[in-house]
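Asker: To start, I am sharing the structure in question, which I have written as C-alpha cells.
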C-alpha cells in the first residue's frame, strides 16, 4: 500500500531549480534511502516531505491525502536531524515530551509514551539529564526517541550518523535497522554514504541535480545500474569505465575494440563505429578468466595489499586506466603484465549519453 | 552549545597569548606601566570614596587616601541635604530603571526574534531602517517628542522615560539580541516546528530560555544606562519629588555650591554604588556584551 | 527572497497570511515605536526647522531662514562648532590610541588580565554619570585634587583648570579619554581573533616584534579600529552630561565648553526657540551623517577586509 506519494514535486529558489519534478511512490513499512552527492537535493526533498520547506510545484500525498500545505506537525511524520537538534535547556524527558505537550496530550499518556520509548532505546536512566551531559551516541538515541514518542507513520532521518565516529556509526546503523524491523514504520533516510544506503535500504533512490537517476532495491542498483552515473556512484572501489568502439555488427554478436583487443559480446543495439562505454566493477575483473571475455592486458602501476584483497592499479596498452580487486593475497609488482577478464553478465554497456544498453 | 557561542569571543583564543609573551624585562615593564595607569585611572574614584568618609576639614588638608578620622557624617548631611531625601530619589531612579529593563527586554527580544527567525515581506527593509536608527542622534526627534508628551500630559511624570522603551526604541539592544539569536542553531526551531510549536511557542520555550546570557547582558546595560541617564530626566522631570538620583545630585551641586564637598562626594559615591555593584556581579557579561557588539557585524 | 510559484503550488492565502501576521505581530512594538517616536518626530522637527516655532506662538513658515541664520548670523553656533570639533578631533584619536595601546599590552598573555581589564573598563561604565562630572569638577578646581598633588610633588600652584576658558575644554577631553575602556575591550576581542599561526609564520619568516605589529596586528585590526572610530565619533558629537554639570548648564567659562548639544539644549529648553533648535538638531544630524559617510568612503582605502 502506498503511504507516501510524490507527484512531479519541484523546488525553485527564484530561477534556480533545485528539485526537478520528482515522482516517487513509497509503500507502507518500507525503508527508503535517498543517496547522492552533496548538492543533489536529497536533503531538500526530505525537508519538503517534512514540511520544513515549501513545495514549489507538484503534489505531495501522505496516506492518499494531499498535504502540500499541511503543517509539519500534522503530517504524521517525525524527523531526526543531522545535528540531533536536541533542546539544550531541556532534560531528555522534556525533549521527548515537548511535542506531545504542544499537542496538549494528557500528562499520563505523555509519561507512558516517553517511558516506553526510553525503554525501547535503553535510555531510561538518562531521562533527567541535559543533552550536554550525554555522549554522541546517547544524543542520537534521544533524537530517535523524540521521534518515536510521536508514533509517526513516517520517520525521516537526515544524515543521522554523520556526527558519530566510525565504530559508533556501524553500531548505530545496525540499531536503526533493528528499530525499523521492530516498529515497522515507514522510514526515509538521507545519506551520502553508499554503504549506509546499501545496508539499510529496502529500496534506494539515487539522486543527482534534483532528479531521480534510479529507484530500486540495493541489488538492482548494484547489478543493473540505469546509467553511468549510478554505476559509478554505487560500489567501492568505483566501477571501471572503458572507452570502446563498435567494430562489427553480426547476426548474434557485436564486436568491440578495446585497446587493440577485440571483445565479442551478445548483440547490442548499436551501429558500427559507435563509441560506447564498457563498465566493469573492479571486484568482477579476474586474472584467471575461464569463461567470459578477455580484456586487453594491463601493466601494473601500483598495488595495495589489504590482506583479504589485493587492489591492482594499472594501464592498458592505449593508456586507459583500470583497477582490479583480486581476492586474497597475490604476488603482483609494478610493471608486471597481467592478463585479465570478466564474465559477460558483469559487463555493463552505456551509450554516449551514459544510458544503459541491454 | 550556547555556552560555546557566548564564550568564544574571549576564551577560544585563551591559549593564544603564549607565543606572544615578551621577555622577562619586557613583561616587568609592561606590568609596571599597567599598574601605574591603573592607579591613575582609579585614583579619582578612590579619592571620591575616601573623601566621603573623612570629616570636612580633612578632605583638603591631606592627599592620603586613608581617612584618619573615619566618619559617615557626610552621608548623613548629604542624605537630607535637599528638601526631599535622597532616599526618595534613589527610589524614583530604581522604579524607572526597572521599568525600562522590563520594557527593553520584552520589546527588543520580540523585534530581534522577528528579524532573525520569522519570514515576512519587508523584513530586510525594516532591518536596515532599524540599523539606521542606531546612527540617528536623539536630538533630531527630541523637540517633537517633548511636545507630544506635553500634549499627552506626560511631562513631569516618568512616562516619557519609560513608555518608549516598551516600543523597542533602543535599537542597540535589538542589535545585541539579533547577534545572539543568529548563533542559536536553526535546527532547534525546525525540530520545534516538527513538534507542532508555532512562532510564539518557539519564542517563549526555545529562543528565550536559550538567550539568558544576552537577556542578562541587555538587562544590566539597560539598568546602568537608565540609572546614569541625565538628559531625559532633566528635560521631563520638573518637581523635586520626581527627581532621579542623578538630577538630585546635580541640584545638590547648585545648592551646596562649593561649601560642602564631603556631602557632595558622599552622595556622588552613593549614586555610583549601584552601578559598581552590578559591575562587580556581572563584569563578565558586560565585557562580553561589549566585545560581541564590536566584533560580529 | 522571491519565489516564483506555479499556480498549482501556491500556498493557500491563510497560510501565507499567517507568516506575515506572525512577523509583523512580533515586530509591532518596534514598528509603533519607529513611526510614533522616531519617524514622525523626525519629520515634524524637519518641518519645525523651517518655521519660527517657539513657546510664544504657533509655527509660521520661514523657509530656510533658520539655516541661513545659523550659517551667517550666529556666533554662538560657530563657537559651539569650534568647541565640539576640537573635542571630537582630540578625544577620539587619543581614546583610540590609548585603548589600542592598553589592549596590545594586555594581550601579551600576562597574568592578571581579568583584573586590569575590569579596572580599565570601570570608568567607561560610570563615566557618563553626574557623580563623575561632579568629581571632575572637584579634581580640576582651584583647590582641587590635581593642584594638591602638583603642589605636593612640584610645589607648583596650579590655577583653577575648570574656570579657565583656555583649559576647561581639555579637562573634558581628559574625562573622555579616561573612559577608553569599552573601546579597549573591543580591541582586545579583535586581537584575540587574529590567528596565532600568523605570528608563528611571521616569526619563522624572521619578522621582528615591531614588524609583526605593523604588518600583521595593525592591518588585521583595521576593521575594529574603524568600528571603534565611527562609534566614538558619533558618541563624541553627542556628549552632553559632563559639560552641562561642570559648567552649570552654561557652557562656560565664556562658552569655552559650549558643546553643540548643550547649545541645542539651551535654545530648545531654556529659550524655547523650538524652530531654531530643530534646525540646529538637523545640522547636527547632517554633520554626523557626513562624518560617517566620509569614514565609510575612506574605509575602502585603509580598512582591511578578508572577503
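Residue numbers (UniProt numbering), protein chains in the order written: chain R, 1 to 358; chain P, 1 to 297; chain C, 1 to 307.
Idealized CB from N, CA, C, for every residue including glycine.
Along chain P, which residues have their Cβ under 7 Å away from the Cβ of residue 24 of chain C?
Answerer: Under the 7 Å cutoff, chain P gives 120.
Asker: If distances are taken between C-alpha atoms only, which option among P:290, P:274, P:111 comes closest to residue 208 of chain P?
Answerer: Comparing Cα positions, the closest option is P:111.
Asker: Judging by CA-CA distance, which residue of P:266, P:218, P:40, P:93 is the nearest neighbour of residue 234 of chain P?
Answerer: It is P:93.
Asker: Check whether chain C comes within 9 Å of residue 37 of chain P, counting only Cβ atoms and requiring the distance to be less than that.
Answerer: Chain C, which has a Cβ nearer than 9 Å to the Cβ of residue 37 of chain P, makes this yes.
Asker: Going along chain P, which residues have a C-beta under 7 Å from residue 266 of chain C?
Answerer: Residues of chain P passing the Cβ test: none, with the nearest at roughly 12 Å.
Asker: Rounded to the nearest angstrom, how far is the Cβ of residue 79 of chain C from that of residue 284 of chain C, given a contact under 8 Å?
Answerer: In fact, because the Cβ distance is near 15 Å, the residues do not count as touching under 8 Å.
Asker: Ordered along the chain, which non-local residues of its own chain (more than five positions away) have a Cβ less than 6 Å from that of residue 181 of chain P?
Answerer: 112, 116.
Asker: Taking Cβ positions, are residue 169 of chain P and residue 188 of chain C nearer each other than 9 Å?
Answerer: Contact flag unset, no.
Asker: Is the number of C-beta pairs between the region 85-94 of chain C and the region 172-185 of chain C that are closer than 8 Å three or more?
Answerer: Verdict: yes, contact present.
Asker: Just the Cα atoms here: how many angstroms apart are residue 286 of chain R and residue 45 of chain R?
Answerer: Taking the straight line from one Cα to the other gives about 40 Å.
Asker: CA-CA distance, residue 7 of chain R and residue 22 of chain R?
Answerer: Cα-Cα distance, rounded: 7 Å.
Asker: Would the beta-carbon of residue 72 of chain R fall within 9 Å of that of residue 96 of chain R?
Answerer: No, Cβ-Cβ distance for residue 72 of chain R and residue 96 of chain R is not below 9 Å.
Asker: Helix, strand or coil for residue 237 of chain P? Go by DSSP, reduced to three states.
Answerer: Coil, per DSSP.
Asker: Could you pull out every residue in the same chain whose Cβ sits closer than 7 Å to the Cβ of residue 20 of chain C, ignoring the five residues on either side in sequence?
Answerer: Closer than 7 Å at Cβ, skipping near neighbours: no residue.
Asker: Say whether the region 76-95 of chain R touches the region 112-129 of chain R, bearing in mind that this needs 3 or more beta-carbon pairs closer than 8 Å, one atom from each stretch.
Answerer: The region 76-95 of chain R, when compared against the region 112-129 of chain R, does touch it at the 8 Å Cβ threshold.
Asker: Please report the residue range of the beta strand (DSSP E) in which residue 312 of chain P lies.
Answerer: No information on residue 312 of chain P is available, as it lies outside the stretch 1 to 297 that chain P covers here.
Asker: Can you tell me whether DSSP reads residue 150 of chain P as helix, strand or coil?
Answerer: Looking at residue 150 of chain P - three-state DSSP - the assignment turns out to be helix.
Asker: Going by the beta-carbon positions, is the gap between residue 76 of chain C and residue 248 of chain C smaller than 9 Å?
Answerer: No, these two residues do not count as a Cβ contact at 9 Å.
Asker: Please report whether the beta-carbon of residue 275 of chain P lies at a distance below 9 Å from any beta-carbon of chain R.
Answerer: No, its Cβ sits nowhere closer than 9 Å to a Cβ of chain R.
Asker: Should residue 124 of chain P be flagged as near chain R, meaning a C-beta pair shorter than 9 Å?
Answerer: Cβ-Cβ to chain R under 9 Å: no for residue 124 of chain P.
Asker: Check for me: the beta strand (DSSP E) holding residue 23 of chain R runs from which residue to which?
Answerer: That run of the beta strand (DSSP E) goes 16-27.
Asker: Please classify residue 14 of chain C as buried or exposed, where buried requires at least 16 neighbouring CB atoms within 10 angstroms.
Answerer: Under this definition residue 14 of chain C is an exposed residue.
Asker: Any beta carbon of chain R sitting closer than 9 Å to that of residue 201 of chain P?
Answerer: Chain R, which has a Cβ nearer than 9 Å to the Cβ of residue 201 of chain P, makes this yes.
Asker: Compare the beta carbon distance of residue 72 of chain P and residue 45 of chain P with 9 Å and say whether it is the shorter of the two.
Answerer: Going by C-beta atoms, residue 72 of chain P is not nearer than 9 Å to residue 45 of chain P.
Asker: Excluding sequence positions up to five away, which residues of its chain have a Cβ less than 6 Å from the Cβ of residue 10 of chain P?
Answerer: Because residue 10 of chain P carries a pLDDT of 42, less than 50, the predicted location of this residue cannot be relied on, and the following value inherits that uncertainty. Hits under 6 Å: none found.
Asker: Consider the Cβ of residue 94 of chain C: report whether some Cβ of chain P lies at a distance smaller than 9 Å.
Answerer: So no, residue 94 of chain C is outside the interface.
Asker: Determine, using beta carbons only, whether residue 51 of chain C comes closer than 9 Å to chain P.
Answerer: Taking Cβ atoms only, chain P never reaches closer than 9 Å to residue 51 of chain C, which makes this a no.
Asker: Apart from the five residues just before and just after residue 314 of chain R, which ones in its own chain have a Cβ nearer than 6 Å to its Cβ?
Answerer: Result list for residue 314 of chain R: 298, 299, 300, 301, 322, in chain order.
Asker: Where residue 317 of chain P and residue 241 of chain P are concerned, what is the direct C-alpha to C-alpha distance, given to the nearest angstrom?
Answerer: The structure shown does not extend to residue 317 of chain P, since chain P is modelled only from 1 through 297, so no value can be given for it.
Asker: Below 8 Å on the Cβ atoms is my contact criterion, and I expect residue 77 of chain R with residue 153 of chain R to pass it. Report the Cβ-Cβ distance as a whole number of Å.
Answerer: With 8 Å as the limit, residue 77 of chain R and residue 153 of chain R qualify as a contact, their Cβ atoms being about 7 Å apart.
Asker: Quick one: using the 10 Å Cβ neighbour count with 16 as the cut-off for buried, is residue 318 of chain R buried or exposed?
Answerer: Flag for residue 318 of chain R reads exposed.
Asker: What would DSSP say about residue 241 of chain R, mapped onto helix, strand or coil?
Answerer: Three-state result, residue 241 of chain R: strand.
Asker: Comparing the C-beta of residue 194 of chain P with each C-beta of chain R, is any distance below 9 Å?
Answerer: Judged by the 9 Å Cβ criterion, residue 194 of chain P is in contact with chain R.
Asker: Would residue 342 of chain R and residue 295 of chain R qualify as a contact pair, given that the criterion is a beta-carbon distance under 9 Å?
Answerer: Yes, the Cβ-Cβ distance between residue 342 of chain R and residue 295 of chain R is below 9 Å.
Asker: With a 10 Å radius around its C-beta and 16 neighbouring C-beta atoms as the bar for buried, classify residue 12 of chain P as buried or exposed.
Answerer: Here residue 12 of chain P scores only 40 on pLDDT, less than 50, and its place in the model is too uncertain to base an answer on.
Asker: Using alpha carbons as the reference points, say which of R:188, R:228, R:191, R:254 lies closest to residue 242 of chain R.
Answerer: The shortest C-alpha separation from residue 242 of chain R is found at R:228.
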